[in-house]
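Only one structure is covered here, and it is reproduced in the block below.
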Amino acid sequence: MAALLALVWLVGAGSLGSFLGRLGEVQINDSSAFLPVSAESTKVQNIAERFRADTIPAVVVYEGSADLGRAELAAIAEDGERISEFDWTSGTVAGPIPGDEDPSVAQLVVPVSEDADTEAAVNDLRSALEHGGAQPRAYVTGPAGFAADLSAAFAGIDTTLLAVALGAVFAILVAVYRSPTLPLLVITSSVLALALAGALIYAAADAGWLTLNGQSQGILFILVVGACTDYALLLVARYREALSLYRRPTRAIGAALRGSAGAIAASGVTVILGVLCLLASELSSNRSLGPVAAVGIACALASALTFLPAVLLLTGRAAFWPVRPRYRGGTDSDSTGDVLARHRMWGGVAAVLGRRPRTWWVGTAAVLALGAVFTVQFEAEGTAQSEVFRTEVEAVEGRQVLQRGFGETASAEPALITADAEDRTEVVEAAEGVEGVVGPQAVAPNGEPMVVDGTVLIEADLAAPAESERALDTLDDLRGTVHGVQGADALVGGSSATKLDTLESAERDLVVIVPLVLAVVLAVLIALLRSIVAPILLVSTTVLSFAATLGVGALVFDHLLAFPGVDPAVPLYAFVFLIALGVDYNIFLMTRAREEVLRHGNHAGMLRALTVTGGVITSAGVVLAATFAALAVIPLLFLVQLAFLVAFGVLLDTLVVRSILLPALALDIGARTWWPARTPRFADG
Numbered sequence: 060m061a062a063l064l065a066l067v068w069l070v071g072a073g074s075l076g077s078f079l080g081r082l083g084e085v086q087i088n089d090s091s092a093f094l095p096v097s098a099e100s101t102k103v104q105n106i107a108e109r110f111r112a113d114t115i116p117a118v119v120v121y122e123g124s125a126d127l128g129r130a131e132l133a134a135i136a137e138d139g140e141r142i143s144e145f146d147w148t149s150g151t152v153a154g155p156i157p158g159d160e161d162p163s164v165a166q167l168v169v170p171v172s173e174d175a176d177t178e179a180a181v182n183d184l185r186s187a188l189e190h191g192g193a194q195p196r197a198y199v200t201g202p203a204g205f206a207a208d209l210s211a212a213f214a215g216i217d218t219t220l221l222a223v224a225l226g227a228v229f230a231i232l233v234a235v236y237r238s239p240t241l242p243l244l245v246i247t248s249s250v251l252a253l254a255l256a257g258a259l260i261y262a263a264a265d266a267g268w269l270t271l272n273g274q275s276q277g278i279l280f281i282l283v284v285g286a287c288t289d290y291a292l293l294l295v296a297r298y299r300e301a302l303s304l305y306r307r308p309t310r311a312i313g314a315a316l317r318g319s320a321g322a323i324a325a326s327g328v329t330v331i332l333g334v335l336c337l338l339a340s341e342l343s344s345n346r347s348l349g350p351v352a353a354v355g356i357a358c359a360l361a362s363a364l365t366f367l368p369a370v371l372l373l374t375g376r377a378a379f380w381p382v383r384p385r386y387r388g389g390t391d392s393d394s395t396g397d398v399l400a401r402h403r404m405w406g407g408v409a410a411v412l413g414r415r416p417r418t419w420w421v422g423t424a425a426v427l428a429l430g431a432v433f434t435v436q437f438e439a440e441g442t443a444q445s446e447v448f449r450t451e452v453e454a455v456e457g458r459q460v461l462q463r464g465f466g467e468t469a470s471a472e473p474a475l476i477t478a479d480a481e482d483r484t485e486v487v488e489a490a491e492g493v494e495g496v497v498g499p500q501a502v503a504p505n506g507e508p509m510v511v512d513g514t515v516l517i518e519a520d521l522a523a524p525a526e527s528e529r530a531l532d533t534l535d536d537l538r539g540t541v542h543g544v545q546g547a548d549a550l551v552g553g554s555s556a557t558k559l560d561t562l563e564s565a566e567r568d569l570v571v572i573v574p575l576v577l578a579v580v581l582a583v584l585i586a587l588l589r590s591i592v593a594p595i596l597l598v599s600t601t602v603l604s605f606a607a608t609l610g611v612g613a614l615v616f617d618h619l620l621a622f623p624g625v626d627p628a629v630p631l632y633a634f635v636f637l638i639a640l641g642v643d644y645n646i647f648l649m650t651r652a653r654e655e656v657l658r659h660g661n662h663a664g665m666l667r668a669l670t671v672t673g674g675v676i677t678s679a680g681v682v683l684a685a686t687f688a689a690l691a692v693i694p695l696l697f698l699v700q701l702a703f704l705v706a707f708g709v710l711l712d713t714l715v716v717r718s719i720l721l722p723a724l725a726l727d728i729g730a731r732t733w734w735p736a737r738t739p740r741f742a743d744g
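Per our numbering, numbering of the sequence shown is gapless, rising by one per residue and ending at 744.
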C-alpha cells in the first residue's frame, strides 16, 4: 500500500510539474490585477475603455549630450517610421516632440496593441533602438515600458526563487538531520506538493475561476515549500521518537501519525481559513492571493500526510543514515527529569523557565511591547510607480529623463472625469475652480467632445506630480467638487485616483480582515484544544509578536534601509501570514502540551512538551523564515518588505514567543490554562 501511494504521487504529481513553468501563461500583471474592486477609479477605468483605442502607449525618450538639432530630430523621425512597421503597433507613432524645458530631450509616443505581448513588443523596441552607445540615447518608458519591466522582474520566480528557497531548505535540513537522505525525501514531498498546486491553479486560472499575478505566484512557491517542510519536520520528529519505542517501522509510523496528524491538520486548516479571509478584501491583488494560497497549503497538507509517511515507511531507519535511531524498547513514560536531561539544550531552557516563569513572561512581554511602540511609525502609504523596483530599470531611467525634458508632470496621466454628457459644461467649470487642476477639457484630438452612450470623458491635468501627496489632495478636492454637480453622476479616476482608492481600500481591509482572521484562528484553536484560556493566550501572544515585528520593520525600513515608502498591502499580508503561521508553532507546542499534561500534570507536562518540541519547532521556524527571505531575490519593493517582515516575525515567534513567553505564561497560570477542561493533578516523576 505504501509503495502504491508513493508511486501514485511520483507519477501523478510528478507528471504535472510542467505546469509550474506555464503559470506565466495565465498571469495577469496589468493594473486590473491590483485595482480596488468597487472603487471609483476602477469604475472610471472601465468606462474610459469605451473611449479609447485598444492600445498601450510606449514612450521612447531620447537624451542627447547637447541640444538636439535638425539632424538628430530627423534621425528620431526615421526611428518612428521604422517602429510603425512592427506588427504590434496600432495607429500612428507621434513625434518627435522636442523637450520644452530641456532641448537635449525628445520623445516618440508608440501605440502598442493591447492584443500584443507587451513585454515582447517592448523588447523588440529596445533592440531596434540600440545604437551601440551613439547619441542620442533612447529609453523606452511609459505604461508599456513599466509593464514590460514588471514582467521581467517576475521572470525569476520559476527558476531563481525556487532554487534559492529549495537550496536554503536543503542546507538547513542537512544540518538538522545530519543526513543527506532524509532532506531529499522532505524536499521531494515539497516539490510534489508544488507540482500538484501548480497544475490545479493553472487549470483554475485558465478557466477564469481565480486570478493569478506574479506576486501571488511567488508567495505560492514560498508557502508550499515552507509549510510542507514544516509539516514534514513535525512528522519526522514523531517518527524518530517512535522508532526508539517500536521495533517495526509500520508501528512507528502509525504512532507518529497519531501523535502529529491532528496538529498538522489543524495547522493547515488554520492557514487555509486565514488566507481565505483575504477574499473579503477590496483590492483585487489581495482577493486573488486567498484561493491561490489556500490551494497551495491544501496540497502541502496532502503531501505531508500521505506521500511522506509512505516513503518513510518504505525506507525505514535507513532514511536517517548515517545516524539511525536505535530501538530501545519500553515506553515513553520516562520521568520528567530524564526527559530534560536527554534533551540538553531545550531541557535546560525548560528547567530555567520552570523555576521563575512569571519573571520570564513579564520580561519577555515587556521587550515585545517596547518593539510594538514603534508600530506608530509604520506608515504604509505606498510609493510612486518608479520606486517599486529595487534595481535600475529602463522604464524608470526613461521617466527621469522625460521629466527633465518636459517637466515633473510630463509623465503623469491626467485625471479622468466621466459624467452625463448633458452636464459637460457644468462639470468642466466646476473642475476649473479646483486649485491644482489645469485645463480640464472634454475635447478629443479632432476637436469634438468625447461622448459615448451619453457619457462624456473629461481629462484634467494636475499641477502636482502624479501620485504625490499634493496630487492626492487635489484629487480629493476634485471629487468633492464634481460630485456636487447635481444630476451629472460625475466620477473621477486616473493613476493618482487609483492610488488614493488603493490607500483607502487598504485601510478598510485592515479594519475588516484583521478581526476576521483573529476570529477564525481563535475558533479553530478552541475546537482543537477544547479550551478557552489557552487559545486566547496563543492568539494574544502572536498578536503581540506581530506588533513587535511591525515596530522593528518601521525602524529598519525608515532608518536602516531608507526605503521610499511601504506598499499599503504589506501590513495586511504580514498580519495574515504571521498570525496564521505563527499560531502554527503554538499549535505544535500546545497540542503536545495537552497530551503531556493529561499524563503528567500541568507543570511537568508543559516542561516535557517544551523540551521535546523545542528542536523541531525551532528548525521549522528557521526553515519558514529562510523560504520567505528568498522572496527578496525578486527585485520588487513589496516582496522585499514582505520577505523581511515575515522572516523576522517567524523567527521572533519561534525563538521568543513559543520558546519563552507562551510556556512561561502557561506555567504561571497553571491548570487554569486549560479551562474549562479539568486536568488531573500528578506528582512529577
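Glycine included, C-beta positions come from ideal geometry on N, C-alpha and C.
Please report how far the alpha carbon of residue i lies from the alpha carbon of residue j, in whole angstroms.
| i | j | result |
| --- | --- | --- |
| L707 | A134 | Checking the sequence shown, residue 707 turns out to be Phe, not Leu. Going from the Cα of F707 to the Cα of A134 covers about 54 Å. |
| F205 | Q462 | 15 Å |
| A361 | F605 | 29 Å |
| A742 | D727 | Since pLDDT at A742 reaches only 44, below the 50 mark, its modelled position is unreliable, and the value read off the structure follows with that caveat. Their Cα atoms are separated by approximately 17 Å. |
| V541 | T533 | 12 Å |
| V551 | Q104 | 9 Å |
| D568 | S343 | 12 Å |
| A39 | V408 | Residue coverage of the chain in this structure runs from 60 to 744, which leaves residue 39 outside it and unanswerable. |
| V497 | D520 | 5 Å |
| K102 | S347 | 19 Å |
| L279 | A258 | 12 Å |
| L337 | V642 | 18 Å |
| G464 | S163 | 7 Å |
| L587 | L620 | 41 Å |
| L537 | L562 | 17 Å |
| L427 | T434 | 11 Å |
| L637 | A357 | 18 Å |
| G744 | S340 | Unreliable placement is indicated for G744, whose pLDDT of 40 sits below 50; the coordinate value is still reported in the next sentence. Cα-Cα distance, rounded: 52 Å. |
| W405 | T672 | 8 Å |
| A730 | A593 | 10 Å |
| R299 | T670 | 15 Å |
Could you check what DSSP says for residue i in three-state terms: helix, strand or coil?
| i | result |
| --- | --- |
| S100 | helix |
| Q545 | coil |
| G154 | strand |
| V580 | helix |
| M60 | coil |
| E753 | In the structure displayed, the chain extends from 60 to 744; residue 753 sits before or after that span and is not available. |
| F78 | helix |
| E438 | coil |
| P574 | helix |
| F622 | coil |
| I517 | strand |
| T670 | helix |
Where do the ends of the beta strand (DSSP E) carrying residue i lie?
| i | result |
| --- | --- |
| Y198 | R196 to T200 |
| I476 | A474 to D479 |
| G430 | Here G430 belongs to no beta strand (DSSP E); instead the alpha helix (DSSP H) covers P416 to V432. |
| G552 | L550 to G552 |
Kindly give me the distance between the Cβ atoms of residue i and residue j, rounded to whole angstroms, as I take these residues to be in contact under 8 Å.
| i | j | result |
| --- | --- | --- |
| V228 | A702 | So it is not a contact: roughly 15 Å between Cβ atoms. |
| L631 | I572 | 6 Å |
| V682 | L271 | Going by Cβ atoms, the distance from V682 to L271 rounds to 25 Å, so no, they are not a contact pair. |
| G313 | R297 | Contact flag wrong, Cβ pair sits at about 11 Å. |
| L373 | I323 | Contact flag wrong, Cβ pair sits at about 20 Å. |
| L609 | F437 | 5 Å |
| V284 | A234 | Not quite, the Cβ-Cβ distance comes to about 17 Å (not below 8 Å), so this is no contact. |
| L42 | V295 | Since the first residue of the chain shown is 60 and the last is 744, residue 42 is not available in this structure. |
Considering residue i, what are the terminal residues of the alpha helix (DSSP H) in which it resides?
| i | result |
| --- | --- |
| E526 | That residue, E526, is in no alpha helix (DSSP H); it is neither H nor E in DSSP. |
| P242 | T240 to D265 |
| V119 | Not the alpha helix (DSSP H): V119 falls in the beta strand (DSSP E), residues T114 to E122. |
| I591 | Element bounds for I591: n/a, residue is neither H nor E. |
| A377 | Unbroken run through A377: none, as it is neither H nor E. |
| G273 | G273 to L302 |
| G641 | V629 to H659 |
| Y236 | L221 to Y236 |
| S347 | S343 to A361 |
Run through the segment 163 to 188 for me and flag every whole beta strand (DSSP E) of 3 or more residues, listed as ranges in chain order.
164 to 172
Taking only runs of the alpha helix (DSSP H) that begin and end inside the segment 693 to 719, which ones reach a length of at least 4 residues, in chain order?
696 to 711
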